[in-house]
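Worksheet: the structure to be examined is printed underneath.
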Amino acid sequence: DREYQVALEEGGRIRFLGGEPAHGEAYRVRYRAPLILRGHGQNLVGRKDLGEYGEVDHRDMSLTLPRRVRVGGAWEENPAYYAGYPDRFVVLDAGVKVHQVLYRGEEEALLYAYVYRVLSCVGMETDYSTTAYTLGEDFRLEGGRVMWAPGRGPRMGRPYGITYLAAPEFYVFRELPQVRGQGGHELPRRLHLRLWELFPRPGAAFGR
5 DREYQVALEE GGRIRFLGGE PAHGEAYRVR YRAPLILRGH GQNLVGRKDL GEYGEVDHRD
65 MSLTLPRRVR VGGAWEENPA YYAGYPDRFV VLDAGVKVHQ VLYRGEEEAL LYAYVYRVLS
125 CVGMETDYST TAYTLGEDFR LEGGRVMWAP GRGPRMGRPY GITYLAAPEF YVFRELPQVR
185 GQGGHELPRR LHLRLWELFP RPGAAFGR
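Now the structure itself:
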């Protein structure tokens, strides 16, 4: 079987990169996805505070999750009901424009792995000249990382900027301290989420 490189676009559609099957020819798509669920997101807020080392950006929201969900007409346990720090949620019905500066040969990981579309990828040389690179020709995305084709891309250690549209991700910042029950029944649970790029880890601003 011949393999093709594809990109995931908004709405779950796939786009072939480079070669593609003939019109009308059948093909199989293999993919692995995390658990998909529905929740009620609300109170999305963004604010900036002054911290000890300068400006601090907060982007939070609350997520309400039911104990049981209806799947194909039958009620099942919600796999995300007991989510806690630092579990992550990917918002599939939203998009965010992201710009990152990466260095060839240094991890080259995107901050958000669920990429709908790459808008641009530009490298800079020591003489300040720039070179544009194309997804599918010069590089591909694999597991949220930039993978360069042989002989393509900037030299090792050189910076390049990549701008892309992706599904935003949030992590569980805290579980709200409240009892969610009535008449012996567990009511929906509420979580406090924060944008993933604000997760406190070394190299967070570089997608690590």
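Residue numbers (the working numbering): 5 to 212. Even glycine gets a Cβ: it sits at the ideal position worked out from N, Cα and C. Because the structure is a prediction, the values reported are computed rather than measured.
(request) Return the CA-CA distance between V4 and E13, expressed in angstroms with no decimal places. (result) In the structure as shown, the chain starts at 5 and stops at 212, and residue 4 therefore has no counterpart that could be examined.
(message) Taking the straight line between their C-alpha atoms, what separation do you get for G130 and H27?
(response) Checking the sequence, you will find Thr at residue 130 rather than Gly. Those two C-alpha atoms are separated by around 45 Å.
(message) In the DSSP output, what is E173 paired with across the bridge?
(response) V94
(message) Under DSSP, the beta strand (DSSP E) around W200 begins and ends at which residues?
(response) Neither: W200 is in no beta strand (DSSP E) and is coded neither H nor E.
(request) My understanding is that Y168 touches G127, with C-beta atoms under 8 Å, so please give their C-beta distance in whole angstroms. (result) Actually they do not touch by this definition, with Cβ atoms about 15 Å apart.
(message) Helix, strand or coil for Y57? Go by DSSP, reduced to three states.
(response) With a pLDDT of 49 at Y57, under the threshold of 50, the modelled position of this residue cannot be trusted; read the value that follows with caution. Correct three-state label for Y57: coil.
(request) Closer than 6 Å by C-beta to A209: which residues in its own chain qualify, once you throw out the five before and the five after it? Chain order, please. (result) Caution is warranted here: a pLDDT of 43 is assigned to A209, below 50, making its placement in the model unreliable, and the coordinate value is therefore given only provisionally. Cβ within range, chain order: n/a, list empty.
(request) Spatial neighbours of E80 within its chain, please: CB distance less than 8 Å, with the 5 preceding and 5 following residues excluded, ordered by chain position. (result) R72, V73, R74
(message) Going by DSSP, what residue range makes up the beta strand (DSSP E) through T250?
(response) Because the chain is modelled from 5 through 212, residue 250 falls outside the range shown and cannot be assessed.
(request) Decide if the segment 79–96 is in contact with the segment 195–203; the criterion is three or more beta carbon pairs, one per stretch, under 8 Å apart. (result) yes
(message) Taking the straight line between their C-alpha atoms, what separation do you get for G140 and E190?
(response) 49 Å
(request) Return the CA-CA distance between A87 and M151, expressed in angstroms with no decimal places. (result) 32 Å
(request) Look up P83 in the DSSP assignment and say whether it is helix, strand or coil. (result) coil
(message) Let's test the definition: count the other Cβ atoms within 10 Å of the Cβ of P83 and tell me whether it reaches 16, buried, or not, exposed.
(response) exposed
(request) Compute the Euclidean distance between the alpha carbons of R144 and A153, then round it to the nearest angstrom. (result) 8 Å
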